[in-house]
Amino acid sequence: MFWNKKKYDLIAIGDTVTDAFIRLKEAHINTNPSTDTSEICMKFADKIPYEFVEVCPAVGNSANAAVSVARLGLNVAMMTDVGDDQNGNEAITRFKEEKIATELVHRHSNFKTNYHYVLWFEAERTILIKHEKYPYILPKFSEPKWIYFSSLGEHSLPFHKEIEQYLEAHPNVKLAFSPNTFQIKWTNDILGIYKNTEIFSCNVEEAGRILKIESIDIPTLAKGIHALGPKTVLITDGPKGAYASNGTDIWFMPIYPDIKAPYERTGAGDAFFSTFIGAVIHGKSIEEALTWAPINSMAVAQEIGAQKGLLSKEKLLEYLKNAPADYKPRKI
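Just so we're aligned, residue 1 is where the sequence shown starts under our numbering, counting upward by one.
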């Protein structure tokens, strides 16, 4: 692959997918109090009515982050793999519409673009995933200020070593890392990624799985993640709020009040982390970045999909200006 010499504020690396949202009508939720887990249930071997389907191209953890940071007015490129098909065409077109550079998008002949099905019931979703087995290659490119790294398929472990080697050779590049399901399973195999991470993000449950502990105590979880290498650790806890640790202090940040009941929450976590990173690139402190991040999470949950609700910097700052008096971080 060619050497791209253009400089970016952020390069987002991760799988891109097309999401088909299927709005369910007839389903119910079974919750197991002993394990605090829930299951979505429908009639077996029957015809299940649905309300509608909405297809969202060019999504995925890193793609969502790229759109988020680009809308905050920063210079962003997407490094991803797509198939040589209509969904791949749509993904590249979508990135260009968001002013995201596509020079690092790798199109593969004889491959499909990742396609996921989102079973959407009430305000939550269950996602049926399938990652294509792309031959991942790290191209040559000029140093960005930041790399945002997230979801890749279960066959991508060797590619993580390439990224680790790149970070070791380019210490001025800062890494924002938010692991997906497979990356969480590989924690011991990708310690080099953790070692080179500037800012890390996951939710409470994921932190416990990474550390292989059952504790939900935030200081315990933050200390454990810091021990793996990240300098700043973000831990989200859904509607309860979020936490940020610099290794010395921990701040709690409440959610931004919903302007109306959430419609669909896909991408709220991506919006939080990417907006935090965007604020940091804009020169904001941890405490200031914490006031930006929940606003985009709130806005995303008002729309279908992970990107439609993402705000411009100007609109986000307008929400911040009108925030309640108690909307501020506090040390715990």
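Positions of the beta carbon are idealized from the N, C-alpha and C atoms, including for glycine.
All figures in this text were calculated on a predicted structure; none of them were measured in a lab.
For the set Tyr-256, Lys-174, Pro-171, the Cα lying nearest the Cα of Leu-320 is the one of Tyr-256. Approximately 6 Å separates the beta-carbon atoms of Tyr-148 and Ile-277; this is inside 8 Å, confirming the contact. With 16 or more other Cβ atoms inside 10 Å of its own Cβ, Ile-163 counts as buried. Per the coordinates, the alpha-carbon of Tyr-50 lies some 28 Å from the alpha-carbon of Pro-33. Taking Ile-40 as reference, the option from Lys-25, Phe-52, Glu-54 with the minimal CA-CA separation is Lys-25.
For Ile-137, the three-state secondary structure derived from DSSP is coil. Counted as a single uninterrupted DSSP element, the stretch harbouring Ala-261 is not any beta strand (DSSP E), since DSSP gives it neither H nor E. Measuring C-alpha to C-alpha distances from Glu-124 to each of Leu-175, Ala-261, Pro-329 identifies Ala-261 as the nearest. Nearest to Pro-329 by C-alpha distance, out of Ala-242, Leu-10, Ala-306, Ala-227, is Ala-242. With contacts defined as CB atoms closer than 8 Å, Pro-158 and Tyr-8 fail to qualify as a contacting pair. Here Ile-304 is buried, its C-beta having at least 16 other C-beta atoms within 10 Å. In this structure, DSSP gives His-155 a state outside helix and strand, which the three-state scheme calls coil. The three-state reading of DSSP puts Asp-81 in strand, counting E and B together.
In the three-state DSSP reduction, Val-233 falls in the strand class (E or B). Pairing Gly-238 with Asn-203, the inter-Cα distance amounts to about 8 Å.
Boundaries of the beta strand (DSSP E) harbouring His-28: 28-32, taken from the DSSP string. Residues Pro-179, Ile-184 of the same chain have their beta carbon placed closer than 8 Å to that of Glu-206, with the five preceding and five following residues left out of the count. For Ser-245, the enclosing beta strand (DSSP E) has its first and last residue at 242-245.
Taken in chain order, the whole beta strand (DSSP E) runs of length 3 or more contained in the segment 11-62 are 17-24, 28-32, 37-41, 50-59. With respect to Ile-218, Phe-200 sits apart: the two C-beta atoms are not nearer than 8 Å.
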